[in-house]
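Take a look at the structure below.
In UniProt numbering, the protein residues as written are 1 to 251.
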């Protein structure tokens, strides 16, 4: 009788290990604020990972496709109910995550008698300016992380740390989609492939273009690109072309 709490703690710990193992090989999702809106970048093998939730709100997720779709539909419904009963201005990322998503994930994670939700998500809310943008990551246990400038979700903490180290603390108020896209792609490479050989010198200058092309080609051969812009003016999620990276391959 008295050891029941300890058994529950042990069960939750094992549950965490199981979920993290299931997510380990997931392709990371990166997001960054730019003048045009919020830029998402990821790659996938079967199903796209970035979706629009509501005007000015988007999500990019890793995990089991069925769980991702379940979370997406729940947030879609919550957002539209909120917008109908109150006002579209009341539909905010903060309200959706703190009052709808986070409690559900926490309950599902701690209920050891039910199946866990295998999902990590990166949410974005485009503000009127870059300073008003919100980037929030929600883990499978309901914990929420928020950062300014850029943020990512990945299959392991090691991969995420490598990505965030490459991105650094981005506070460039003049950053554009065109200038940030290569930065996100390079950070993605360093996340997926530990210490990739990009033919760079210690200062980051390209000294062997062939090696960089090989690394880029490898990603495009293994995955399908999924780049989107949460447009600041339109409030819509728009596809972003990676033609510049493909052009570099053909040189």
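Even for Gly, the Cβ is constructed at its ideal location relative to N, Cα and C.
Along the chain, where does the alpha helix (DSSP H) that runs through residue 179 open and close? 177-192
Rounded straight-line distance, which links the Cα of residue 101 to that of residue 232: 24 Å
Apart from the five residues just before and just after residue 163, which ones in its own chain have a Cβ nearer than 8 Å to its Cβ? 28, 30, 152, 154, 187, 188, 190 and 191
Cβ neighbours of residue 79 in the same chain (closer than 8 Å, five flanking residues each side left out): Correct list, in chain order: 53, 54, 57, 91 and 96.
Cutoff 6 Å; reference residue 59; Cβ partners in own chain excluding five residues on either side: For residue 59, same chain residues with a beta-carbon under 6 Å away, outside a window of 5 residues either side, are 51, 53, 121 and 123 in chain order.
For residue 12 and residue 244, the rounded distance between their alpha carbons: 46 Å
Burial state of residue 178 (16 or more Cβ within 10 Å): exposed
Identify whether residue 145 lies in helix, strand or coil by the three-state DSSP scheme. strand
Expressed to the nearest angstrom, what Euclidean distance is found between the alpha-carbon atoms of residue 20 and residue 194? 19 Å
Do you know offhand how far residue 2's Cα is from residue 112's? Note on residue 2: pLDDT 44, under 50, position unreliable in the model; the coordinate value appears next. So the two alpha carbons sit approximately 18 Å from each other.
Give every residue of the same chain whose Cβ lies closer than 7 Å to the Cβ of residue 42, excluding the five residues on either side of it in the sequence, and list them in chain order. Short of 7 Å from the beta carbon of residue 42, and not among the five residues preceding or following it, lie these beta carbons of its own chain, in chain order: 27, 28, 29, 30, 49, 50, 60 and 226.
So what does DSSP say about residue 12, is it helix, strand or coil? helix
Tell me the DSSP bridge mates of residue 84? None; residue 84 has no bridge partner.
Residues that residue 98 bridges to, as DSSP identifies them: Beta-bridge pairing links residue 98 to no other residue.
Assign residue 268 to one of two classes, buried (16 or more other C-beta atoms within 10 Å of its C-beta) or exposed (fewer than that). The shown model of the chain, from 1 to 251, leaves out residue 268, and the question about it has no answer.
What's the C-alpha gap between residue 211 and residue 196? 9 Å
Tell me which residue opens and which closes the beta strand (DSSP E) that residue 123 is part of. Taken as a continuous stretch (DSSP letters only), the beta strand (DSSP E) holding residue 123 covers 119-125.
Any idea what DSSP makes of residue 75, helix, strand or coil? helix
Measure from the alpha carbon of residue 125 to the alpha carbon of each residue in 148, 143, 71 and 159, then state which is nearest. 148
Taking just the CA atoms, how far does residue 222 sit from residue 7? 42 Å
Mind checking if residue 115 is an interface residue toward chain C, Cβ cutoff 9 Å exclusive? As a matter of chain content, chain C is missing from the structure shown, which is built from one protein chain.
Between which residues of its own chain and residue 74 is the CB-CB distance below 8 Å, once the five residues before and five after are set aside? 100, 101 and 104
Counterpart residues of residue 52 in DSSP-defined beta bridges: 58
Does the distance from the C-beta atom of residue 23 to that of residue 118 stay below 9 Å? yes
Let me know the secondary structure DSSP gives residue 215 once reduced to three states. helix
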